[in-house]
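Some notes on the structure that comes next.
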Amino acid sequence: MLLAPGPAKKVTIHLNEDTSSQSDYLSHEILSLLLREGVAGATLLRPEAGFGSHHRIHSQEGGADTAQHMPLRIEFVDVAQNVERLIPSLMELLTDGMIEAHDTVILKAAVGRGR
Numbered sequence: 002m003l004l005a006p007g008p009a010k011k012v013t014i015h016l017n018e019d020t021s022s023q024s025d026y027l028s029h030e031i032l033s034l035l036l037r038e039g040v041a042g043a044t045l046l047r048p049e050a051g052f053g054s055h056h057r058i059h060s061q062e063g064g065a066d067t068a069q070h071m072p073l074r075i076e077f078v079d080v081a082q083n084v085e086r087l088i089p090s091l092m093e094l095l096t097d098g099m100i101e102a103h104d105t106v107i108l109k110a111a112v113g114r115g116r
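Note that the sequence shown covers residues 2 to 116 in the numbering used here.
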C-alpha cells in the first residue's frame with residue numbers, strides 16, 4: 002500500500018540486536034507484525050555504535066565485550082489511525098528498548114517501475 006501525501010506518524014523503535022521474544026529475535030517479530038498488519042514499509046537500521054540506559058558504549062570495533070547488545074532501530078511511517086492501532090501490540094512486544102512517535106508529513110511516495 003502506497004501512502005498518500007499528507008499528515009502521518011513516524012515511529013522509531015530502539016532495541017538491542019540480541020533481544021529475543023517468545024519465539025524469535027524481537028526485531029524479527031516486530032517486522033513480522035508490521036508486515037502482517039499492512040504497514041506500507043518498515044526499515045531495520047544497524048547503527049555502528051550506541052549506548053543506552055546502562056551508559057556503556059557498544060560498537061563492532063570495540064571487540065567482543067562491546068559488540069554484544071548492539072543497537073538496532075526499526076522505523077516506519079503510516080497514517081495516525083494505523084499507528085494508533087499498532088501501538089498497543091508494539092508496547093506489549095517491547096521488553097527492552099524504547100518506542101517513539103513523531104508527527105510527520107509525507108511529501109511524496111513513489112514506487113519505481115518494474116517492482
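Glycine residues also receive a C-beta, built at the ideal position from the N, C-alpha and C atoms.
Burial state of residue i (16 or more Cβ within 10 Å)
i: residue 72; result: buried
i: residue 36; result: exposed
i: residue 31; result: buried
i: residue 81; result: exposed
Beta-carbon spacing of residue i, residue j below 8 angstroms
i: residue 14; j: residue 87; result: no
Cβ distance (whole Å) where residue i is taken to contact residue j below 8 angstroms
i: residue 78; j: residue 100; result: That belief does not hold up - the Cβ atoms of residue 78 and residue 100 are roughly 14 angstroms apart, past 8 angstroms.
i: residue 111; j: residue 4; result: With a Cβ gap of about 11 angstroms, residue 111 and residue 4 do not count as contacting.
Option in the options with minimal Cα separation from residue i
i: residue 47; options: 84, 16, 53 and 30; result: 16
i: residue 45; options: 59, 103 and 76; result: 76
i: residue 93; options: 55, 40 and 27; result: 27
Alpha-carbon to alpha-carbon, residue j and residue i
i: residue 59; j: residue 49; result: 9 angstroms
i: residue 8; j: residue 104; result: 7 angstroms
The ligand NAD heavy atom lying under 7 angstroms from the CB of residue i
i: residue 18; result: Because no ligand of any kind appears in the structure shown, any question about the ligand NAD cannot be addressed here.
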